[in-house]
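The sequence shown: position 8 = 8 (the working numbering), numbered continuously.
Take a look at the structure set out below.
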Amino acid sequence: MTGHFVDVFLPGPWWNPLTYLSPRNVQEGVRVVVPMGRGKRVGFARTSVNPPCGVDLRSLERIVDDVPPLGEELWQLALWLCGRSLCGLGATLALLSPAPLLRGEPCACPSLPERRPRAFSERLLFDVDEGRRWSSYRDEITAHAGEGLVLFPEQLSARRFWETLPESLRPEVLLWSHQAGKKRWEDWQRLRRGEVRIVVGSPSALFAPLQDLSLVIVEEEGHSSYQSLGTPFFNARSVAARRAQLAEARLVLGGSLPSARLYRSRKPPSPRPSKGKIRFVDVKNAPGAVLPGLRDPLKLSEVLIEETLAVVNAGKKALWILDRKGYAAEVACEECGSALLCRRCGTPCRLCGGLLQCPTCRERQPLPDRCPRCGGGLLQGNRPGLEALASLATAVTGEAFPVRLWHADLGQTKKRRSDLKRDLVRGGVVVGSRGALSLCDEGGVALVGWIDVDGEARRPFFDARHHAFRMIWESCWRGPDGLSRRVVLQSRCPGVGWQQGLRGGWGLFWAGELEERRSLELPPFAVLVEIDGGGQREALLAALRAGGLDPLEGDSPQAPLWLSCQRLALCREAVEPFFDIGRSRRGFPKIRVWTD
Numbered sequence: 001m002t003g004h005f006v007d008v009f010l011p012g013p014w015w016n017p018l019t020y021l022s023p024r025n026v027q028e029g030v031r032v033v034v035p036m037g038r039g040k041r042v043g044f045a046r047t048s049v050n051p052p053c054g055v056d057l058r059s060l061e062r063i064v065d066d067v068p069p070l071g072e073e074l075w076q077l078a079l080w081l082c083g084r085s086l087c088g089l090g091a092t093l094a095l096l097s098p099a100p101l102l103r104g105e106p107c108a109c110p111s112l113p114e115r116r117p118r119a120f121s122e123r124l125l126f127d128v129d130e131g132r133r134w135s136s137y138r139d140e141i142t143a144h145a146g147e148g149l150v151l152f153p154e155q156l157s158a159r160r161f162w163e164t165l166p167e168s169l170r171p172e173v174l175l176w177s178h179q180a181g182k183k184r185w186e187d188w189q190r191l192r193r194g195e196v197r198i199v200v201g202s203p204s205a206l207f208a209p210l211q212d213l214s215l216v217i218v219e220e221e222g223h224s225s226y227q228s229l230g231t232p233f234f235n236a237r238s239v240a241a242r243r244a245q246l247a248e249a250r251l252v253l254g255g256s257l258p259s260a261r262l263y264r265s266r267k268p269p270s271p272r273p274s275k276g277k278i279r280f281v282d283v284k285n286a287p288g289a290v291l292p293g294l295r296d297p298l299k300l301s302e303v304l305i306e307e308t309l310a311v312v313n314a315g316k317k318a319l320w321i322l323d324r325k326g327y328a329a330e331v332a333c334e335e336c337g338s339a340l341l342c343r344r345c346g347t348p349c350r351l352c353g354g355l356l357q358c359p360t361c362r363e364r365q366p367l368p369d370r371c372p373r374c375g376g377g378l379l380q381g382n383r384p385g386l387e388a389l390a391s392l393a394t395a396v397t398g399e400a401f402p403v404r405l406w407h408a409d410l411g412q413t414k415k416r417r418s419d420l421k422r423d424l425v426r427g428g429v430v431v432g433s434r435g436a437l438s439l440c441d442e443g444g445v446a447l448v449g450w451i452d453v454d455g456e457a458r459r460p461f462f463d464a465r466h467h468a469f470r471m472i473w474e475s476c477w478r479g480p481d482g483l484s485r486r487v488v489l490q491s492r493c494p495g496v497g498w499q500q501g502l503r504g505g506w507g508l509f510w511a512g513e514l515e516e517r518r519s520l521e522l523p524p525f526a527v528l529v530e531i532d533g534g535g536q537r538e539a540l541l542a543a544l545r546a547g548g549l550d551p552l553e554g555d556s557p558q559a560p561l562w563l564s565c566q567r568l569a570l571c572r573e574a575v576e577p578f579f580d581i582g583r584s585r586r587g588f589p590k591i592r593v594w595t596d
């Protein structure tokens, strides 16, 4: 057996590479085409560390690139990320690469220039005044001669910032497309050729292939939108910070609220909202409106009604936030108590527009006349949703002011935003889920009312209180009218517990929150690993325990395993055998790593 051994990492969930023979040495990071089964695949090459002995190896079909298309900085980032996220290098490289690159399409990638000598530096910029923060970011970009990456948690915010840049600067700045396709591939190649100096975008711009990255700005660095949704699971803020370190760049972390990890290490000082900006209302004393077909009343306080009428009469907009879509979150039989279930997946359905809708698979079905289980004729909705709230808002404002629904299921296109802005130009109410906070960017939002603030902190997860605190804090300051906006919170325990921080600032909130997390060994004091083992749960449990780890099993055999640990290397060593390509038919576990 003669030739060079080459490990090839293919896009996929497995961790191990496949080893091939090459007649010549192959540069690490270039794409190669290899035979696999009866077909061919495109992967990334790496010099084999442990070539197999006594095995007949197949040869590479061809080498695609003259130079590594990702470059040294992104290659090192991929190596770091696969260890940080407990995933394989192939999956990480697929994450960093646009689809045409993975298909083996030609890419004219010049050799990257020698990096100019410099030192990594960091700046924190926490200020509730969005205008001041953005002005500082523009100053950083203008004063900076090198290449830079500016990240925002949402594409709308990224676009709005890009539109504030001076006309003279815009030819050097690319607004990164948040949708994959032909344009993103063209932009990717432009960046790789060094034709653009600055990239502004949402988390999808994280891996933009800038040639000599020397400035990284992350706006709202603690925002939940930086947490990825798929696999590999990672925090884009942490990855951006690592990019800055690898490139020896200047890192600017900013926002209206610091993350748990950053506050723990740096403790930036917190402002306190002005007196009267936030009004806490005891919802237990508020009158409840009973709506047709609903068992539970929907409570609106006099304070919220008065503030809303004052706002709309002044020609401004009010947002009423309730994170519960439909007319009712659930429909149940009054006689047997059974919830109406999705006929496809068995999930309890909500009532939307007179139809039952599954929140999981989106299946829609007619509302039956009688209970499918017992034949009972009285079906009632539980936990009123946005449609019910919209009918109350209409009753409050009368016909003088429009009321509009806003949530993801209705579509949030440019046209809908434009129509909404036109309809509410003289004032009105938007009833929506927490995503409606993005409407603050348009201006004119003078009031945000939280209908059930306790529900926002009720999620069964360790960061539920922080999630609720961040959304409400954001509603106080987001957009051009943030400093003058008022916020009404309806709560069963107004101003108590985690809500004290809304009066006293994020320092007061994080002091209590971090103390509890420390005692429970939760992020940022430890790494929390979630493992969904599927049919291999018991084997995974045994492997983790054999590795000296003590996972929590959950209440049911289908529940994921949870593990709090200080060293991810131990966990990786225990689960690595379950990600061998030879186990493909059994399926692979799904792992999520929470760091803050």
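The C-beta atom is built at its ideal place from N, Cα and C for all residues, glycine as well.
Do residue j and residue i count as a contact pair if the criterion is CB distance below 8 Å?
| i | j | result |
| --- | --- | --- |
| E387 | G443 | no |
| L291 | L298 | yes |
| F207 | S85 | no |
| V6 | S22 | yes |
| L151 | R266 | no |
| G435 | R272 | no |
| S256 | W406 | no |
| V8 | Y20 | yes |
| A243 | L262 | A quick correction: the sequence has Arg, not Ala, at residue 243. No, these two residues do not count as a Cβ contact at 8 Å. |
| A328 | G381 | yes |
| L531 | P577 | This sequence places Ile at residue 531; Leu is not what is there. No. Outside cutoff. |
| G90 | P11 | yes |
| P98 | W185 | yes |
| F597 | V430 | The chain is shown only over 1 to 596; residue 597 falls outside these bounds and no answer can be derived. |
| I217 | G131 | no |
| R518 | F509 | no |
| A247 | E73 | yes |
| A260 | D596 | yes |
By alpha-carbon positions, which one of the options ends up nearest to residue i?
| i | options | result |
| --- | --- | --- |
| T397 | R132, L508, R426 | R426 |
| E334 | Q536, D369, R344 | D369 |
| S157 | G587, C440, L568 | C440 |
| Q490 | H4, W320, E220 | W320 |
| T164 | S136, W510, G3 | S136 |
| R465 | T347, K284, A511, E573 | A511 |
| V529 | G43, W176, R58, A569 | A569 |
| E513 | E219, F462, L10, P494 | F462 |
| P551 | A559, Q558, L563 | L563 |
| P258 | R250, P269, E248 | P269 |
| L483 | N50, R362, D129 | D129 |
| P171 | W188, R586, I198 | I198 |
| C345 | Q357, L351, G337, S338 | Q357 |
| V281 | R295, R264, E306, D296 | E306 |
| W16 | L520, D596, R592, R572 | Checking the sequence, you will find Asn at residue 16 rather than Trp. Taking only the C-alpha atoms, the option nearest N16 is R572. |
| Q566 | L549, Q558, I581 | L549 |
| P372 | A339, R350, A143, G354 | A339 |
With 16 other CB atoms within 10 Å as the buried threshold, where does residue i fall?
| i | result |
| --- | --- |
| G432 | buried |
| L229 | exposed |
| T360 | exposed |
| S475 | buried |
| E221 | buried |
| K317 | buried |
| N235 | buried |
| A574 | buried |
| L60 | buried |
| D419 | exposed |
| R459 | exposed |
| S202 | buried |
| T47 | exposed |
| C53 | exposed |
| A408 | exposed |
| Q155 | buried |
Is the beta carbon of residue i within less than 7 Å of some heavy atom of the ligand ADP?
| i | result |
| --- | --- |
| A395 | Ligands are entirely absent from the displayed structure, and the ligand ADP is therefore not among its contents. |
Would you say residue i reaches chain C, if we count a Cβ-Cβ gap shorter than 8 Å as a contact?
| i | result |
| --- | --- |
| L165 | Of the chains in the structure shown, none is chain C; there is only one protein chain. |
Give, in chain order, every unbroken run of the alpha helix (DSSP H) that is at least 4 residues long and sits entirely within the stretch 81 to 159.
-> Runs found: 89 to 96, 99 to 102, 130 to 143.
Within the stretch 199 to 262, note down every full alpha helix (DSSP H) run reaching 4 residues or more, in order along the chain.
-> Fully enclosed alpha helix (DSSP H) runs of 4 or longer: 236 to 247.
Whole beta strand (DSSP E) elements within the stretch 450 to 537, 3-residue minimum | Annotation note: the stretch 450 to 537 contains the following uninterrupted beta strand (DSSP E) runs of length 3 or greater, listed N- to C-terminal: 486 to 491, 527 to 532.
Per the contact definition of three or more C-beta pairs closer than 8 Å, is the stretch 69 to 80 in contact with the stretch 206 to 225?
-> With the cut-off at 8 Å, the stretch 206 to 225 and the stretch 69 to 80 touch.
Is the stretch 277 to 293 in contact with the stretch 406 to 417, if contact means three or more CB pairs nearer than 8 Å?
-> Result no; under three Cβ-Cβ pairs closer than 8 Å.
Which parts of the stretch 406 to 449 are runs of the beta strand (DSSP E), unbroken and 3 residues or longer, counting only runs that do not cross its ends?
-> Those beta strand (DSSP E) runs which fall completely within the stretch 406 to 449 and span 3+ residues are 428 to 432.
Which ranges does the beta strand (DSSP E) cover as unbroken runs of at least 3 residues, wholly within the stretch 375 to 405, from first to last along the chain?
-> Segments of the beta strand (DSSP E) lying fully in the stretch 375 to 405: 379 to 384.
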